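Protein chains in written order, with this note's numbering: chain X, 14 to 301; chain G, 203 to 539; chain C, 10 to 271. Note that the Cβ used here is the ideal one computed from N, Cα and C, for glycine as well. Everything numeric in this text was worked out from a predicted model, so none of it was measured. Okay, structure first, notes after.
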Amino acid sequence: MDILIYGTINSMALALMALGFALVYGISRIPNFAHGALYVISGFVTWGFVRALGVNYLLSVFLTMIIIGVVGALIYRFILIRVRGMAISEIIASYAIGLAILEGLRWGGFKGMTYTLPVFVEGSVDIAEIPVDFHRLVVVGIGVAVVAFLWLFTHHTRIGLALRGMAQDERAALMLGIDSDLMAVVAMALGSMLAGLAAILLLPLGNIVVEAGYNVLILAIAVCIVGGLGSWMGAVLAAFLIGFAQILTVTYLGSHYQMVVALLAIIFTLILRPSGLFGQQKELEERV
Amino acid sequence: MNNEQGRKERLDRGIKVRTDGLYAIMSLRELCYLTVPRLVLIVGLLILPLVMPSMYWQRVISIVCIYAFLALGFDFLAHFVGLVCLGGAFFIGVGGYLAAILNTSFGFPPLVTIPIATLLGGAICTLLLLPCLPLRGVYFAIVTLMYPLVLMRIIEALNILGGTDGIMGVASFANRWIEQYFVILMVLLFLFGLRRLVNLDIGLVFRAVKDNDQAVRASGMNISFYKAIAVFVASALGCLGGACLVHIYMWSGISLFALDFSILPIAATVIGGAGTVVGPVLGCFILVPISELLRAFGTLRIVFYCLILVAFIVFRSEGIMVYGQRKYHQFERWVKI
Amino acid sequence: MNNQPILEVQEATKSFGGIVAVNRVSLDVHDGEILGIIGPNGSGKTTLINCVTGFIKMTSGKVLFRGRDISGKPPHKIADMGITRTFQIMRPYYSLPCYKNLVIPLFSPRAKRTGGWRGGGKLGDRDTVGIDILEEIGFERDSFVPYKIASSLPTGYLKRLELARCLALKPEIIICDEIFSGLSMSEIASMVPLIERLQMDGITLIMIEHRLRELFRVANRVMVLNFGEKVIEGSPEEVMADDKVKEVYFGSEEVEEVMSHA
Numbered sequence: 014m015d016i017l018i019y020g021t022i023n024s025m026a027l028a029l030m031a032l033g034f035a036l037v038y039g040i041s042r043i044p045n046f047a048h049g050a051l052y053v054i055s056g057f058v059t060w061g062f063v064r065a066l067g068v069n070y071l072l073s074v075f076l077t078m079i080i081i082g083v084v085g086a087l088i089y090r091f092i093l094i095r096v097r098g099m100a101i102s103e104i105i106a107s108y109a110i111g112l113a114i115l116e117g118l119r120w121g122g123f124k125g126m127t128y129t130l131p132v133f134v135e136g137s138v139d140i141a142e143i144p145v146d147f148h149r150l151v152v153v154g155i156g157v158a159v160v161a162f163l164w165l166f167t168h169h170t171r172i173g174l175a176l177r178g179m180a181q182d183e184r185a186a187l188m189l190g191i192d193s194d195l196m197a198v199v200a201m202a203l204g205s206m207l208a209g210l211a212a213i214l215l216l217p218l219g220n221i222v223v224e225a226g227y228n229v230l231i232l233a234i235a236v237c238i239v240g241g242l243g244s245w246m247g248a249v250l251a252a253f254l255i256g257f258a259q260i261l262t263v264t265y266l267g268s269h270y271q272m273v274v275a276l277l278a279i280i281f282t283l284i285l286r287p288s289g290l291f292g293q294q295k296e297l298e299e300r301v
Numbered sequence: 203m204n205n206e207q208g209r210k211e212r213l214d215r216g217i218k219v220r221t222d223g224l225y226a227i228m229s230l231r232e233l234c235y236l237t238v239p240r241l242v243l244i245v246g247l248l249i250l251p252l253v254m255p256s257m258y259w260q261r262v263i264s265i266v267c268i269y270a271f272l273a274l275g276f277d278f279l280a281h282f283v284g285l286v287c288l289g290g291a292f293f294i295g296v297g298g299y300l301a302a303i304l305n306t307s308f309g310f311p312p313l314v315t316i317p318i319a320t321l322l323g324g325a326i327c328t329l330l331l332l333p334c335l336p337l338r339g340v341y342f343a344i345v346t347l348m349y350p351l352v353l354m355r356i357i358e359a360l361n362i363l364g365g366t367d368g369i370m371g372v373a374s375f376a377n378r379w380i381e382q383y384f385v386i387l388m389v390l391l392f393l394f395g396l397r398r399l400v401n402l403d404i405g406l407v408f409r410a411v412k413d414n415d416q417a418v419r420a421s422g423m424n425i426s427f428y429k430a431i432a433v434f435v436a437s438a439l440g441c442l443g444g445a446c447l448v449h450i451y452m453w454s455g456i457s458l459f460a461l462d463f464s465i466l467p468i469a470a471t472v473i474g475g476a477g478t479v480v481g482p483v484l485g486c487f488i489l490v491p492i493s494e495l496l497r498a499f500g501t502l503r504i505v506f507y508c509l510i511l512v513a514f515i516v517f518r519s520e521g522i523m524v525y526g527q528r529k530y531h532q533f534e535r536w537v538k539i
Numbered sequence: 010m011n012n013q014p015i016l017e018v019q020e021a022t023k024s025f026g027g028i029v030a031v032n033r034v035s036l037d038v039h040d041g042e043i044l045g046i047i048g049p050n051g052s053g054k055t056t057l058i059n060c061v062t063g064f065i066k067m068t069s070g071k072v073l074f075r076g077r078d079i080s081g082k083p084p085h086k087i088a089d090m091g092i093t094r095t096f097q098i099m100r101p102y103y104s105l106p107c108y109k110n111l112v113i114p115l116f117s118p119r120a121k122r123t124g125g126w127r128g129g130g131k132l133g134d135r136d137t138v139g140i141d142i143l144e145e146i147g148f149e150r151d152s153f154v155p156y157k158i159a160s161s162l163p164t165g166y167l168k169r170l171e172l173a174r175c176l177a178l179k180p181e182i183i184i185c186d187e188i189f190s191g192l193s194m195s196e197i198a199s200m201v202p203l204i205e206r207l208q209m210d211g212i213t214l215i216m217i218e219h220r221l222r223e224l225f226r227v228a229n230r231v232m233v234l235n236f237g238e239k240v241i242e243g244s245p246e247e248v249m250a251d252d253k254v255k256e257v258y259f260g261s262e263e264v265e266e267v268m269s270h271a
């Protein structure tokens, strides 16, 4: 029973971490290796607002989301846009940006146990005799809400539809008058905001540490690869797969193996089925 | 008779076009033009340990050379075979641990462990990477990025090979001169070896795999086989670096799988000039000392070289070497006129 | 022409998801023959070729080469047996000069076996052979064309380069995927004799084409595909006369044109 509950919570957390990465890759085909850095930086920004400046928590969450969205958009607009289409350069550039942010934060002294965010709601409740704090329930609830919102957004709004169009065929979208660069900026901003949201939701459960950036990046990549790069619905499903797998290994093998699960998931998925478990198999035909 | 002569002439024309470099023999001047840059590099590398002010900087030269192995391997794989391998640390780790085990458990001296670790490590890495070879682009990059992390976590979790403490008491080189000249000579050997390799017929096949693997398959060649050979070359280079590294530090641990070994050679390649083979070595000689100079700033140096890397990728993606080559050719022409 | 076909395809079927791209197509090619495959866009011609050459796996069906089952073998094995193909979208090794493009096929196991130039091992051996092949296929040796970087070549030469890449393997069958399309009339005019000469050299050809007039000039037999199914197979005259083919190409001026010329 506790496996079920904690598995669900863990999976939802993974899904939140991965959605941003999946969204950016799905739309602009840029593997945003700075994802983990954006995650950590939003944690610190919120911390700055709440703890250092004393802004109201809800307001600071709102501000953080906006700031991180703008940061993401700027990174795309001024750096990544110049290397688009060159897979190696995209990875190296975004990874270097992420590394620079994370190591910069580390140098700036943002490390240690002192940085924590308050939880949204104090207290806990017993579900089937297992105590679960309210905050974790909030995580699950907001996670579901985000997935639902994304679905609505991409299926029923103008921008969302444009984004989907671009994801499917960028050139065709260009012909239809969709500004692909603008849309990529929007996607990057959205993806960064999702990273920020994930950070705000998940970081109150522990400390804000720079190392989390690397872990989040790896987990996000793992989820996206298993789900099929570019398909964010697949990412949600894969999050559950990996989430439960992780909880199971922690229960039966020990917490050392938690990361190994994610890493092996990446390697095996890529070797056995590169398009992911839920991605569409692209036949070679179009290239021949 | 006439026909025969005509045929000869036609043959000659083909040969003339194909032996572009041959004109160098025509005059001393041309000879210098071609060989001086190479000689400068070779001589410069050879006297480098002699002019270094302190032991510390001599050590830095050795480390530079180890990064140079990785950068050479990365450049070769990425720009001549089309496999972007972000897992330099994986090669270093495998080579390093192998050398450490061979040395501490079997008592082989460094000059025996290094060749064994190089070849055996290359074979092991190739074997482990074999299933990923059909992958391309981003996928191969991601999966290779994960390999060192997995190995690191597994060693950590299973607590094998010394666990988080690593293997200590690895023998060092006989003295630091041997250490220095060994790595420098190896760098030169592999530098010119790789340059030669990519221009051989098999090198052309590698480049063809990068350009258009479908056509290579349609020509009746098994691309996985050629990719495996290329990966073997690159991973053997990395393992050589790893093996040298553990003998220099006299210690082997999970920090061999650190991201540094994956990211710095890439940065060096980008800065030095991708696809030139010499460029990455040059890049290492620029980046590693800079990062040593900045050691006092702690992790800020990583920020520095990341920013340099981003700037190079975005604004001068050709790299120093390509730029330099172009300028050199222009310069020479200008003198002639 | 002996009775055993050199290449036999039995009920080849390929479906992508729910879409059946090739539906139970059978064909056989005899030694030294030129088989044309025509059909409107999306009728599964290229997919069929990809199945035969192993680039995609068939859902079901069999391919026999000289009586040996080759279905399911990887492309390089099939090419190694002597079934080569050109690509519809030509992508030479752009960064290499033309003659160096041929070094790659000449390096293959088949070329080493069949070529007779395996000895020596000197640098430049393959270069010479490559230039010879290029000359054979219409690159003037005396000009600078064979020494140019492949990316700077016009379409006509690229198509020839594709053919040369096949020839370097000393193939038994060449499958040409739209070798005439994208060429000017004069380029086509010089290509046709080339095809005829290949046939005279004893090479079996399968040609996928949209340029019906030229195809009907060289082909011994023509097969028509539509919606992944074989509509008819026969001599060019039979095919031209068939009502179903007119239906497939209904309104297509080219057919009308061909008919009026015939």
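Checking 8 Å against the spacing of the C-beta atoms, do residue i and residue j come in under that value?
i        : j        : result
C:Glu238 : C:Val61  : no
G:Leu540 : G:Leu322 : The structure shown does not extend to residue 540 of chain G, since chain G is modelled only from 203 through 539, so no value can be given for it.
X:Leu29  : X:Gly156 : yes
G:Val411 : G:Val418 : yes
G:Gly365 : G:Ile357 : yes
C:Cys175 : C:Ile183 : yes
Near residue i, what residues of its chain come up, given a Cβ to Cβ distance below 6 Å and the 5 sequence neighbours on each side ignored?
i        : result
X:Val68  : Phe62
X:Gly173 : Phe166 and Thr167
Looking only at its own chain, which residues have a Cβ that is under 8 Å from the Cβ of residue i, when we skip the five neighbours before and after it?
i        : result
C:Gly133 : The predicted model places C:Gly133 with a pLDDT of 47, which falls under 50 and marks its position as unreliable; any figure quoted below should be read in that light. Counting only Cβ-Cβ distances below 8 Å, and skipping sequence neighbours, we find nothing.
G:Leu304 : Phe310, Val314, Thr315, Ile318 and Ala319
X:Leu215 : Ala26, Leu29, Met30 and Val152
In chain G, what lies closer than 8 Å to residue i by C-beta?
i        : result
C:Arg174 : Ala417, Ala420 and Ser421
C:Lys23  : By Cβ distance, chain G contributes nothing, its closest Cβ being about 18 Å from C:Lys23, past 8 Å.
X:Met272 : Leu351 and Arg355
Note down the Cα distance separating residue i from residue j, rounded to an integer number of angstroms.
i        : j        : result
G:Gly475 : G:Leu236 : 19 Å
X:Val151 : C:Ala21  : 55 Å
G:Met203 : C:Ala198 : Any reading at G:Met203 must be qualified, since the residue scores a pLDDT of 41, below 50, and its modelled position is unreliable; the value itself is stated next. In a straight line, the C-alpha of G:Met203 is about 34 Å away from that of C:Ala198.
G:Ala430 : X:Leu187 : 40 Å
G:Ile425 : G:Leu274 : 22 Å
G:Phe278 : X:Phe75  : 47 Å
G:Cys327 : G:Val286 : 15 Å
G:Glu381 : X:Ser268 : 41 Å
X:Met14  : X:Val145 : 12 Å
C:Ile79  : X:Ile43  : 40 Å
C:Ser195 : G:Cys334 : 47 Å
G:Ser454 : G:Val448 : 5 Å
C:Ile15  : C:Met209 : 16 Å
Report the partner residues of residue i according to the DSSP bridge assignment.
i        : result
G:Trp453 : G:Met370
C:Met232 : C:Ile46 and C:Glu242
X:Thr170 : According to DSSP, which records beta bridges pairwise, X:Thr170 is partnered with nothing at all.
G:Asn401 : Its beta-bridge partners do not exist; DSSP assigns none.
Residue i touches chain C at which residues, Cβ-Cβ below 9 Å?
i        : result
G:Val286 : Under the 9 Å cutoff, chain C gives no residues; its nearest Cβ is about 17 Å from G:Val286.
G:Asn361 : Per Cβ cutoff of 9 Å: no residues; G:Asn361 is ~42 Å from chain C at best.
G:Val407 : Val112, Ile113, Phe116 and Ser117
Applying a beta-carbon distance threshold of less than 7 Å, which residues of chain C neighbour residue i?
i        : result
G:Ile431 : Within 7 Å Cβ-Cβ: nothing; G:Ile431 doesn't reach chain C, min ~13 Å.
What residues from chain X crowd round residue i, counting only those whose CB sits closer than 7 Å?
i        : result
G:Gly500 : Trp120
Can you pull the chain X neighbours of residue i, defined as C-beta to C-beta under 8 Å?
i        : result
G:Cys508 : Ala109, Ile110, Leu112, Ala113 and Glu116
Residues of chain G with CB closer than 7 Å to the CB of residue i, please, in chain order.
i        : result
X:Leu27  : Ordered by position in chain G, no residue passes the 7 Å Cβ test against X:Leu27, which lies about 16 Å from the chain.
X:Ser102 : Ile515 and Ser519
C:Lys109 : Leu406
Within 7 Å: the Cβ of residue i and any heavy atom of the ligand PLP?
i        : result
G:His531 : With respect to the ligand PLP, the structure offers nothing, as it holds no ligand at all.
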